[in-house]
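Q: Here you go, one structure.
In my numbering, the protein residues as written are 1103 to 1596.
What follows is the structure in structure tokens.
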């Protein structure tokens, strides 16, 4: 099996290579790439099964070539980053990475995910766990044309353990019960029953969960296909989709396909108003507002796709990160380690409620620490300025003098800090913020150009139009026409 390390740092690549060889992780060939060109060449020539990818490479100009090369091959990706930022989490999710590890790498975690990737690849190649004999029904789970007519079973169901490494143990335990026909896969177990009624099967499923929990100190979920019978592939896909409800409901559940709710759309990115809400709540130590916002995501009457919720939570975490930087809390090792841990929980934990609980606790501790940092006079002027701009950029009176007065330093010093850290002037940053919001309003509202200019902090609509054209290459009116036409074409293809 081939593994490709894509990282700009030769020392990092050498260290990972040594570790893999030292622990004999069933990798036959280790490949390296130090830039995008080398990565694309290795992907096209070698088609590695496992990839360790430095996420920072995806922010470079030529990253589309790398994304395309990754999309053309079937592999397991383990993301790596020196900075646990929102953009890296978003890229990891878009690539369906197994995880996103933060440097310096936890080598035990690296070993765990490499081993997991290897097992997944082997199981996909074999289609089942090696302990299983020949069953002609297996191809029916994946191929529509290879359907087996079997009228002996009455229900199709799927079982999943709380801990992936217990899947094989669950299989043997279920075998000993001798109640179901079992088809184990790498992560879950498909089963067929001959129960006479759904009520009887549901009771038995609950009993299986109770017995497994009491004897193995771990939870279990079961999904049952209870709709009119379809092909085995369609039933398999339906029960697999139904198990996604674990994200909202946790483990120890029996889910019915007929009760699968509609998943609503969710914009994973915070609106301007939501960003301001978080800035204010963190600054004012307003725990209740933060709790209300986070717990609203867990409302059981509304279901969102798990990945979009994870992206939104990383977007919120970006606001918390700025708050930490504002009061120089990144220098506290204990808090920095907890931040990295929360980042990993958001990306990987299977249950939403646990993620929210951890998020609330982290916010409380961060706000309490900020009070101590204020008392010590530990304060980052630039991040304080960014917070104030985020909150006030729609005010046409906002200028460098107002901002410097609010923070308590001179205009010249603030201007110098801004240029050094953001690589643009205060005015350029402010206009960029206003134009980005204006672009959103052009796409999503019917407001006039004059109204949009006013709502984004411009007194003069003509000046706004001039700046907009300079940045985006066309006037606001023409941009709106093109955006409307693009949306209409997209709707026509659905």
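Glycine included, every Cβ here is placed at the ideal spot set by N, Cα and C.
Here the structure is a predicted model, which is why all the values come from computation and not from measurement.
Count the other CB atoms within 10 Å of the CB of residue 1312; is the residue buried (16 or more) or exposed (fewer)?
A: Taking the first residue of the chain shown as 1, we reach residue 1312 at position 210. With fewer than 16 other Cβ atoms within 10 Å, it is exposed.
Q: Beta-carbon within less than 8 Å of residue 1521's beta-carbon, same chain only, minus the 5 sequence neighbours each way: which residues are those?
A: Stepping through the chain shown from its first residue, residue 1521 is reached at position 419. Here the set comprises 1527.
Q: Do residue 1184 and residue 1205 have their C-beta atoms within less than 7 Å of each other?
A: Along the chain shown, read from residue 1 onward, the residue named residue 1184 stands at position 82. Along the chain shown, read from residue 1 onward, the residue named residue 1205 stands at position 103. Cβ distance < 7 Å, so residue 1184 and residue 1205 count as in contact.
Q: Just mark residue 1196 as buried or exposed, buried being the case when its beta carbon has 16 or more other beta carbons within 10 Å.
A: If you number the chain shown from 1, residue 1196 lands on position 94. Residue 1196 should be labelled exposed.
Q: Between the C-alpha atoms of residue 1413 and residue 1291, what's the straight-line distance to the nearest angstrom?
A: Counting from 1 along the chain shown, the entry for residue 1413 is found at position 311. Counting from 1 along the chain shown, the entry for residue 1291 is found at position 189. Their backbone Cα atoms lie some 29 Å apart in a straight line.
Q: Would you please state the rounded distance, in angstroms, between the beta carbons of residue 1328 and residue 1358? I believe it to be under 8 Å.
A: Residue numbering aside, residue 1328 sits at position 226 when the chain shown is read from its first letter. Residue numbering aside, residue 1358 sits at position 256 when the chain shown is read from its first letter. The pair is a contact, with the Cβ atoms about 5 Å apart (cut-off 8 Å).
Q: Should residue 1483 and residue 1427 be called a contact, given that it needs their Cβ atoms to be closer than 7 Å?
A: Locating residue 1483 in the chain shown gives position 381, counting from the first residue. Locating residue 1427 in the chain shown gives position 325, counting from the first residue. Contact: no.
Q: Could you give the distance in angstroms between the alpha-carbon of residue 1570 and the alpha-carbon of residue 1535?
A: Position 468 of the chain shown holds residue 1570. Position 433 of the chain shown holds residue 1535. The straight-line gap from Cα to Cα measures roughly 12 Å.
Q: Is the distance from the Cβ of residue 1177 to the Cβ of residue 1153 below 7 Å?
A: Position 75 of the chain shown holds residue 1177. Position 51 of the chain shown holds residue 1153. Result yes, Cβ atoms of residue 1177 and residue 1153 sit closer than 7 Å.
Q: What's the gap between the Cα of residue 1320 and the Cα of residue 1577?
A: Taking the chain shown and counting its residues from 1, the one referred to as residue 1320 is at position 218. Taking the chain shown and counting its residues from 1, the one referred to as residue 1577 is at position 475. Residue 1320 and residue 1577: Cα-Cα distance of roughly 60 Å.
Q: Please determine, among 1410, 1467, 1409, the residue with the shortest C-alpha to C-alpha distance to residue 1422.
A: Position 320 of the chain shown, counted from the start, is the residue given in the question as residue 1422. Looking from the CA of residue 1422, the closest CA among 1410, 1467, 1409 belongs to 1467.
Q: Spell out the partners DSSP gives residue 1295 in its beta bridges.
A: Indexing the chain shown from 1 puts residue 1295 at position 193. Residue 1295 pairs with 1257.
Q: The beta strand (DSSP E) spanning residue 1156 covers which residue range?
A: Taking the chain shown and counting its residues from 1, the one referred to as residue 1156 is at position 54. From DSSP, the beta strand (DSSP E) with residue 1156 extends over 1152 to 1156.
Q: For residue 1135, write down the residues that DSSP places opposite it in a beta bridge.
A: If you number the chain shown from 1, residue 1135 lands on position 33. DSSP output for residue 1135 lists 1108 as bridge partner(s).
Q: Let me check one thing: in DSSP terms, what residues is residue 1327 bridge-paired to?
A: As a first step, residue 1327 is located in the chain shown; it is residue number 225 there, counting from the start. Answer is 1258.
Q: Taking 8 Å as the cut-off, does the region 1296 to 1306 touch the region 1361 to 1369 (at least 3 CB pairs, one atom from each stretch)?
A: no
Q: In or out: residue 1456 buried (at least 16 other Cβ within 10 Å) or exposed?
A: Sequence index remark: in the chain shown, residue 1456 carries index 354 (1-based). So residue 1456 counts as exposed.
Q: Which residue from 1490, 1379, 1408 puts its Cα closest to that of residue 1368?
A: The residue given as residue 1368 occupies position 266 in the chain shown. Of 1490, 1379, 1408, the residue nearest in Cα terms is 1408.
Q: Assign residue 1508 to buried or exposed, taking buried as 16 or more other Cβ atoms, counted over all protein chains shown, within 10 Å of its Cβ.
A: Position 406 of the chain shown holds residue 1508. Exposed is the call here.
Q: Which value, in whole angstroms, describes the spacing of the CA atoms of residue 1532 and residue 1525?
A: Here residue 1532 refers to the residue found at position 430 of the chain shown. Here residue 1525 refers to the residue found at position 423 of the chain shown. Roughly 13 Å separates the two Cα atoms.
Q: Exposed or buried, what is residue 1218 when buried is set at 16 or more other beta-carbons lying within 10 Å of its beta-carbon?
A: Counted from its first residue, the chain shown places residue 1218 at position 116. Burial call: buried.
Q: How many angstroms separate the CA atom of residue 1104 from the CA atom of residue 1243?
A: As a working mapping, residue 1104 is identified with position 2 in the chain shown. As a working mapping, residue 1243 is identified with position 141 in the chain shown. Straight-line Cα distance between these residues: approximately 28 Å.
Q: Could you give the DSSP three-state label for residue 1281: helix, strand or coil?
A: Here residue 1281 refers to the residue found at position 179 when the chain shown is read from its first residue. Residue 1281 falls in the coil class under three-state DSSP.
Q: So is residue 1514 buried or exposed if we call it buried at 16+ other beta carbons inside 10 Å?
A: Working through the chain shown from its first residue, we reach residue 1514 at position 412. Classification of residue 1514: exposed, given that the 10 Å Cβ count is below 16.
Q: Check for me: the alpha helix (DSSP H) holding residue 1344 runs from which residue to which?
A: The residue given as residue 1344 occupies position 242 in the chain shown. Start and end: 1334 to 1344.
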